[in-house]
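Data block below; observations after.
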Amino acid sequence: MIEVKNLVKRYGDHIAVDDLSFTVEKGQILGFLGPNGAGKSTTMNIITGYISATEGTVTVNGLDIFEEPEKVKQMIGYLPEFPPLYPELTVLEYLNFVADIKKVDRQSRSQMVKDIMETTKITDVKNRLIKHLSKGYKQRVGLAQAIMGYPELIILDEPTVGLDPKQIIEIRELIRELSNNHTVILSSHIMQEVSAVCDTILIIDKGKRVLQDKPENLSIHFGSKGGLKLVVRGDKDTVISELNKIEKITNLEESEALEEGTVSLTLYFREDDDIREEVFFSMSSIKMPILEMQSIRMSLEDIFIKVTQDDELHDINNSEITDEEEVVTDAGNL
Amino acid sequence: MLAIYKKELRSYFTSMIGYVFMALFLSIVSFYFYMHNLNSRVANFEYTVSNVSFIFVLLVPLLTMRLMAEENKQKTDQLLLTSPVTATDIVMGKFFAVFTILTMIVAVISVYPLIMSRYGEVPFASAYASIIGFLLLGGAYLAMGLFLSSLTESQVIAAVITFIVFFLTLIMEVIAKNISTSHKTAFIAFTVLWLIICLVLWIMMRNITVAFGAGIIGMIVMTVIYMNNPSLFDGAIVKVVSWLSAMARFGNFYMGILDLSDIIYYLSIIFVFLFLSTQVIKKKRWS
């Protein structure tokens, strides 16, 4: 459906998009994720033909955006970062205008405008001037504008910004509905949002592709380990020496105890293992009661932060971890 | 194009600006009509038209300042440029919208000679020739205003720049009369002008070879011409400056002469500025 190849965008010395390539199949939702200034909006602006690329190509259904802009633009609906609204028009006038410039058939126009207002829930405000609408409604009018003409490819730049939680859920459902007949690309810097609706997630940072995969596979990429937070009442050394007998535990981290006479630990083990029962029985064998036990997984946020942080920072973190590991092993040997 | 035209025209009349513009325009013209025709008992309507033509300098910026600047500011240009419409559609739609407003005003003005004709002889030929010239002059100013509006995001800056440029066209004739006609001055002036153009070229394209090459070639060409035939440069600045003076051409119209070259002159000014506006819009994509 859409293929982006070796896209580069330079502004003088600054590289906004750096050799970005990806494809999206028909009917898929691609989530575009990255911190502010990662090049999400720039990439979207290039795909929609608003700005040009320094190098690289974008093809939609085999047509190049740089060579046949009019044909490609007809296949794309775009909600930019700031919804492009005319404050002096009413919602209905605005949507009619949009239908006009998107070359929607005259016969089907009024019905389509009506349907789109229904789906985006803006029928109540259709005769109000856009400048009098709240941020949430403006966003929805912007969304209505993007779906006008039911283009094959819908590109949404942070569609849920400024909406309240209920509206966010509605918009997500709407996007999911749209993906039945349309291909959708949406961007966000909020991880849950992307993982909630998207089939594929593309993480970019500093204009470069960091990773592209299904949301459920993301954590695998980072060799992440399962973890278990444990609070046990009893003597620290006994607990640790007993836990060291469990072979599946790869790492053991001690944290400050919150209550007196208790030990707080974080255990790490390979993800596919489940050590909860073993930990329970091992503690019960030395008669030290488990007060709290909680599984921890590497959250999407952690992944996001991990992949998008500076390389330098990354190194520092790594070295910190190794230091801690040493400490832990020392403690284990005691 | 039609969609943009309709929207643009409507937005002038859903906001105050369309009405204010027409009201101001017509009341100033009517006042001049009263002064030059009714009060002084003269039947030549072209006197009114030629005296009131400075009105464009004052009022056109009011109409054109928002045309593109507003789109740039509201980011609605993003909607237009990602829709299946061309830059030409956008510019033409906008130009014809403001031109329609001007045409409505001129339609009202066209009635004035008819009113006078009820009370005596009116030289219709010169009256209507001047009105046609007035419309063309207005069209040229509108095209310039549209172009200047496309350069900025701020309506205020657009209005100020437009006003300054229009004012220059107004006093261009006076300037032309006071410039030295020697060929040496002309040669230096043209060389400097060419270098400025090359500088602008470099700023816009950031391509040192093109700008530098154009600069060198232009200088060589001009020096060669100057060496071989310096008389070509005699009075050249005056010629160019007065050619640029939109008002100077207007003289023929108000004497009742419909000269094809004058009509083409105004049409080509309109064309050039509309073309430049499409280039500004297209260039935005490549910046």
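Protein chains in written order, with this note's numbering: chain A, 189 to 522; chain B, 763 to 1049.
Where a beta carbon is used, it is the ideal one built from N, C-alpha and C, also for glycine.
query                                                                                                                                                                                                        : result
When DSSP labels each residue in this structure, what does A:GLY415 get in the three-state scheme?                                                                                                           : strand
At which residue ranges does the region 226–273 of chain A contain complete alpha helix (DSSP H) runs of 4 or more residues, listed in the order of the chain?                                               : 228–235 and 257–262
Give me the Cα-Cα distance between B:LEU904 and B:LEU961, rounded to the nearest whole angstrom.                                                                                                             : 27 Å
Does the beta-carbon distance from A:SER375 to A:LYS228 come in below 7 Å?                                                                                                                                   : yes
With 16 as the cutoff for other CB atoms within 10 Å, does A:GLN380 come out buried or exposed?                                                                                                              : exposed
Can you tell which of A:GLY250, A:ASN315, A:GLU361 and A:SER240 has the C-alpha that lies nearest to the C-alpha of A:VAL279?                                                                                : A:ASN315
Pull out every residue of the region 821–848 of chain B whose Cβ sits closer than 8 Å to any Cβ of chain A, in chain order.                                                                                  : GLN836, LYS837, THR838, ASP839, GLN840, LEU841, LEU842, LEU843, THR844, SER845, PRO846, VAL847 and THR848
What runs of the alpha helix (DSSP H), each 4 residues or longer, lie entirely inside the region 921–987 of chain B?                                                                                         : 945–967
Between which residues of its own chain and B:GLN815 is the CB-CB distance below 8 Å, once the five residues before and five after are set aside?                                                            : Looking at the sequence itself, residue 815 of chain B is Ser, so the reference to Gln does not match. PHE896, LEU899, MET1009 and PHE1012, listed in sequence order.
Could you tell me which uninterrupted alpha helix (DSSP H) segments, each at least 4 residues in length, are contained entirely in the region 841–908 of chain B, listed from first to last along the chain? : 849–871 and 873–879
Just checking my contact of A:GLY238 with B:GLN840 at CB under 8 Å: how many whole Å lie between their CB atoms?                                                                                             : Correcting the residue type first, residue 238 of chain A is Tyr in the shown sequence and not Gly. The pair is a contact, with the Cβ atoms about 6 Å apart (cut-off 8 Å).
Nearest chain B C-beta to A:GLY237 closer than 7 Å, yes or no?                                                                                                                                               : yes
If you pair each beta-carbon of the region 249–262 of chain A with each one of the region 359–375 of chain A, do three or more pairs fall below 8 Å?                                                         : no
Would you call B:SER1039 buried or exposed, if buried means 16 or more other Cβ atoms sit within 10 Å of its Cβ?                                                                                             : buried
Which same chain residues end up closer than 6 Å to B:PHE818 when comparing Cβ atoms and leaving out the 5 residues on each side of it in sequence?                                                          : GLY900 and TYR903
Closer than 8 Å by C-beta to A:MET336: which residues in its own chain qualify, once you throw out the five before and the five after it? Chain order, please.                                               : GLY265, LEU283, VAL286, ALA287, LYS290, VAL292, MET300, VAL301 and ILE304
Assuming A:PRO272 and B:THR838 make a contact with CB atoms under 8 Å, what is their CB distance in whole Å?                                                                                                 : 4 Å
What does DSSP give as the partner residue(s) for A:THR450 in the beta ladder?                                                                                                                               : A:ARG421
Assuming B:ILE894 and B:ILE871 make a contact with CB atoms under 8 Å, what is their CB distance in whole Å?                                                                                                 : Not confirmed; about 11 Å, so no contact.
Tell me which residue opens and which closes the beta strand (DSSP E) that A:GLY219 is part of.                                                                                                              : 217–221
Is A:ASN135 helix, strand or coil when you go by DSSP?                                                                                                                                                       : Residue 135 of chain A cannot be examined here, being either before or after the span of chain A that is shown, 189 to 522.
Determine the direct distance from the alpha carbon of A:VAL467 to that of A:LEU431, and round the result to whole angstroms.                                                                                : 7 Å
In chain order, which continuous runs of the alpha helix (DSSP H) of length 4 or greater are located wholly inside the region 992–1048 of chain B?                                                           : 998–1006, 1008–1016 and 1022–1048
Between B:VAL853 and B:LEU1036, which are expected to be in contact by the criterion C-beta below 8 Å, what is the C-beta distance as a whole number of angstroms?                                           : 5 Å
Please identify, using Cβ separations under 7 Å, the residues of the region 192–206 of chain A that lie next to chain B, in order along the chain.                                                           : none
When the Cα of A:ILE392 is compared with those of A:THR230, A:GLN216, A:GLU191 and A:ILE478, which residue comes out closest?                                                                                : A:THR230
Does any residue of chain B have a CB that is nearer than 7 Å to the CB of A:ASP498?                                                                                                                         : For A:ASP498, the predicted structure reports a pLDDT of 49, less than 50, and the residue's modelled location is therefore unreliable. A value from the coordinates is still provided. Taking Cβ atoms only, chain B never reaches closer than 7 Å to A:ASP498, which makes this a no.
Identify the contact partners of A:GLN355 in chain B, using a Cβ-Cβ distance below 8 Å as the criterion.                                                                                                     : Chain B residues near A:GLN355: none, gap ~22 Å exceeds 8 Å.
Note down, in chain order, each residue of its chain lying with its Cβ closer than 7 Å to the Cβ of A:GLY449, except the 5 sequence neighbours on either side.                                               : ARG421
Using the beta-carbon count (16 or more within 10 Å), is B:LEU1022 buried or exposed?                                                                                                                        : exposed
If you draw a straight line from the alpha carbon of A:GLN333 to that of B:ALA831, how long is it in whole angstroms?                                                                                        : 22 Å
Please confirm whether A:ILE289 has its beta-carbon closer than 7 Å to some beta-carbon of chain B.                                                                                                          : yes
Given a cut-off of 7 Å, decide if A:GLY350 and A:LYS323 are closer than it, judged by their beta-carbon atoms.                                                                                               : yes
Counting contacts by CB-CB distance shorter than 7 Å, is A:PHE468 in contact with chain B?                                                                                                                   : no
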